[in-house]
Each structure stands twice: as C-alpha cells, then as structure tokens.
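Worksheet for the structure shown next.
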Amino acid sequence: MTTNRPRVLDDALANELFLIPDEVSAELRVSRGDLKRLRDTGLGPAYFTISSTIRYLQTDVDQWRAEHPRGIEIPHRRS
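If you want the numbering used here, it's the 1-based position in the sequence shown plus 218.
Structure below.
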C-alpha cells in the first residue's frame, strides 16, 4: 500500500540556502522580468518549485555566475 507522505529533504539540501526570485534578481543585477525570461528560455540558474513558488539554491546561482562571468544576453520579449 502506498501512502502519501511528505518527502524529506536530502541531508545534502538540509544546509542549503534557498533564494526567492527577488533575491536572485538582485544578486544577478537583472530585473525580475529578465530573470523570468532566463527561466522560461532555460538560460538562467537552475530552479525548482515548492507549492507553486519558485526557489533557487544559492550554490546553483553561484555556479551559474561562475559559468557566466560577463552575464548573458537576455532574450527580448516578443510583441
């Protein structure tokens, strides 16, 4: 029989710092809209959702910044 129990975070994630989009956009010096475009196009830092809220791991943001020291060209919105 399968039970619906909440998943427990891995020990590896227990000490991770979780960031919200406002914090990431400030850290990357981009607007929230630009961060969303990076998310939507798969060009930004890795992210995940928890109960429909977007979260980033600080280590993923740090890794993305290390891989893109000059930033990245953000796709323009289509009219």
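Yeah, the Cβ is synthetic: ideal placement off N, Cα and C, and Gly gets one too.
Using the three-state DSSP reduction, which class does Arg273 fall into: helix, strand or coil? Correct three-state label for Arg273: strand.
Going by DSSP, what residue range makes up the alpha helix (DSSP H) through Glu245? Where Glu245 is concerned, the enclosing alpha helix (DSSP H) stretches over 239 to 246.
Can you tell which of Arg273, Ile238, Thr259, Ala264 has its C-alpha closest to the C-alpha of Asp291? Reading off the sequence shown, one finds Glu at residue 291, where the question assumed Asp. Looking from the CA of Glu291, the closest CA among Arg273, Ile238, Thr259, Ala264 belongs to Thr259.
In the DSSP assignment, find the unbroken alpha helix (DSSP H) run with Leu235 in it and report its ends. Unbroken run through Leu235: none, as it is neither H nor E.
For Ile272 and Pro239, I'd like the C-alpha separation in whole angstroms. Straight-line Cα distance between these residues: approximately 7 Å.
Beta-bridge partners of Leu267, as assigned by DSSP: Here the sequence assigns Thr to residue 267, which means Leu is not the residue at that position. Paired residues: Ile272.
Which one of Leu253, Gln276, Pro287, Phe236 has the shortest CA to CA distance from His294? Nearest of Leu253, Gln276, Pro287, Phe236 to His294, Cα basis: Leu253.
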